[in-house]
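S.K.: Here's a structure for you.
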Amino acid sequence: MKVAMICGLHPSNDSELIKKSIIMPQYAAHRTAAALAEGFYLHMQDDFTILNIPFVGSYPKQHKMLHVPSYEWVFMGEKTGTDNRF
Numbered sequence: 253m254k255v256a257m258i259c260g261l262h263p264s265n266d267s268e269l270i271k272k273s274i275i276m277p278q279y280a281a282h283r284t285a286a287a288l289a290e291g292f293y294l295h296m297q298d299d300f301t302i303l304n305i306p307f308v309g310s311y312p313k314q315h316k317m318l319h320v321p322s323y324e325w326v327f328m329g330e331k332t333g334t335d336n337r338f
């Protein structure tokens, strides 16, 4: 069975994305989604896909960046994917 998870993960706390946030990032939603993603990844590596848009707020009132840059995901020491923006 293939699983696609839609979530709002963001890169590490020291990333440019978090530093440019005007409001507090949604850490509870991030940690919940991260825990689910880790569990799915550990048990379904080849059949698991994440569709991701970080919960960082809207521009310009809640975030200083109009465009969210791409970044690479690393899980358990290995690159597991790229978050591409367009």
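Numbering of the sequence shown is given in the numbering used here, commencing with residue 253 and proceeding in unit increments. Glycine is no exception: its CB is placed at the ideal position from the N, C-alpha and C atoms. As the structure is a prediction and not an experimental result, all values here were calculated from the model.
Going by DSSP, name the residue or residues bridged to H315.
M.R.: In the sequence shown, residue 315 corresponds to position 63, counting from 1. For H315, which the question treats as bridged, DSSP gives the partners S273.
S.K.: Could you please give the first and the last residue of the uninterrupted alpha helix (DSSP H) stretch that includes M257?
M.R.: What you label residue 257 is simply residue 5 of the sequence shown in a count that begins at 1. Note, M257: premise wrong, no alpha helix (DSSP H); beta strand (DSSP E) at V255 to C259.
S.K.: Determine, using beta carbons only, whether I270 and A289 come nearer to each other than 7 Å.
M.R.: Walking along the sequence shown from the start, residue 270 turns up at place 18. Walking along the sequence shown from the start, residue 289 turns up at place 37. It is not a contact, given that the beta carbons lie outside the stated cut-off.
S.K.: Going by other Cβ atoms of all chains shown within 10 Å of its Cβ, with 16 needed for buried, is F338 buried or exposed?
M.R.: Locating residue 338 in the sequence shown gives position 86, where the first residue counts as 1. Residue confidence for F338 is low, a pLDDT of 42 falling below 50, so the modelled location carries little weight; the figure read from the coordinates is stated next. The residue in question, F338, is exposed, as its Cβ has fewer than 16 Cβ neighbours within 10 Å.
S.K.: In chain order, what residues of the same chain lie with their CB nearer than 8 Å to the CB of H262, ignoring the 5 residues before and after it?
M.R.: For this step, residue 262 is matched to residue 10 along the sequence shown. Same-chain partners within the cutoff: L269, I270, P277, H282, P306, F307 and V308.
S.K.: Which term fits E285, buried or exposed, when burial requires 16 or more other beta carbons within 10 angstroms of its beta carbon?
M.R.: On the sequence shown, position 33 is the one that residue 285 refers to. The residue you asked about is not Glu; residue 285 is Ala in the sequence shown. A285 is classed as buried because its beta carbon has at least 16 other beta carbons within 10 Å across all chains shown.
S.K.: Out of P321, D299 and A280, point me to the one whose CA is closest to K254's CA.
M.R.: On the sequence shown, residue 254 is found 2 positions in, with the first residue counted as 1. Taking only the C-alpha atoms, the option nearest K254 is D299.
S.K.: Count the other C-beta atoms from every protein chain shown that fall within 10 angstroms of the C-beta of S273, then say buried if there are 16 or more, exposed otherwise.
M.R.: Taking the first residue of the sequence shown as 1, we reach residue 273 at position 21. That one is buried.
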